[in-house]
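First the structure, in the form of structure tokens, and then the observations on it.
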Amino acid sequence: MRKSLIAASLCLTASLAQADTISCVLENNRVMTLGNLGSSPVYSYGPAGKIELTLPTGAANSRVYKGSEMFSGGGSAYLAFTNGNYTYAAYTGIGRGWEFTGLKVYKGSEIIMERQCKDTDALLGLDPDRINAPEGELPY
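Going by the numbering used here, the first residue of the sequence shown is number 11, and it counts up by one from there.
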């Protein structure tokens, strides 16, 4: 009985930890990971096993915010991380005739990179109601 309770507790803990982190492999074979979604969200990006960028940096010009939009025929949700003049937005959205799940990188208000997740269901856990971050607008 005791072993069963310990095993169940470990499974539940692993399940909760997984729900707090989502990731996807992008078209360029880089991995985007969003962790600590329920507490202090963290963005990381790079080849599998080698992180090239982690945000927020802790600097004054680095912040995290979320948002969602509902529109006729669909909606979208995003979690964005700023680093100076750059914004990295993990984004999932669907509308009439289009669907996008992936990463958009802005320099100012211009999109300078847009990469789709290879698995379009990868960011289904991007639920703004469960993410601990203030609301904010993307720079478009």
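Using N, Cα and C, we set each Cβ at its ideal position, and we do this for glycine too.
Straight-line gap, residue i to residue j (C-alpha atoms, nearest Å)
i: Pro144; j: Gly135; result: 18 Å
i: Gly68; j: Trp108; result: 36 Å
i: Gly48; j: Thr31; result: 9 Å
i: Asn142; j: Val52; result: 11 Å
i: Phe91; j: Gly56; result: 15 Å
i: Leu133; j: Leu36; result: 11 Å
i: Tyr96; j: Glu124; result: 13 Å
i: Asp129; j: Ala70; result: 34 Å
i: Lys114; j: Pro66; result: 16 Å
i: Gly83; j: Gly59; result: 38 Å
i: Thr43; j: Phe110; result: 17 Å
i: Gln126; j: Tyr101; result: 9 Å
i: Ser33; j: Gly45; result: 8 Å
Selection from the options that minimises the alpha carbon distance to residue i
i: Met80; options: Lys60, Gly103 and Cys127; result: Gly103
i: Ala99; options: Arg106, Glu120, Lys128 and Ala70; result: Glu120
i: Ser72; options: Gly94, Leu89, Gly83 and Asn38; result: Gly94
i: Glu147; options: Gln126, Ile122, Tyr116 and Asp131; result: Tyr116
Enclosing beta strand (DSSP E) for residue i [first to last residue]
i: Arg73; result: Ser72 to Phe81
i: Arg40; result: Arg40 to Gly45
i: Ile122; result: Glu120 to Gln126
i: Glu109; result: Trp108 to Lys117
i: Leu63; result: Leu63 to Leu65
Sequence-distant residues of its chain with Cβ nearer than 7 Å to residue i (five each side left out)
i: Arg140; result: Leu47 and Gly48
i: Arg40; result: Tyr55, Gly56 and Pro57
i: Pro149; result: Thr97, Tyr116, Gly118 and Ser119
i: Asn38; result: Arg125
Sheet register partners of residue i (DSSP bridge)
i: Ser86; result: Glu79 and Gly103
i: Glu145; result: Lys76
i: Asn95; result: In the DSSP output, where bridge partners are listed per residue, Asn95 has none listed.
Neighbourhood of residue i by C-beta, 6 Å cutoff - its chain only, sequence neighbours within 5 removed
i: Pro138; result: Lys76, Ser78 and Ala87
i: Leu63; result: Tyr55
i: Ile61; result: Ser54
i: Val171; result: The structure shown does not extend to residue 171, since the chain spans only 11 to 150, so no value can be given for it.
i: Asp131; result: none
i: Gly105; result: Gly83 and Gly84
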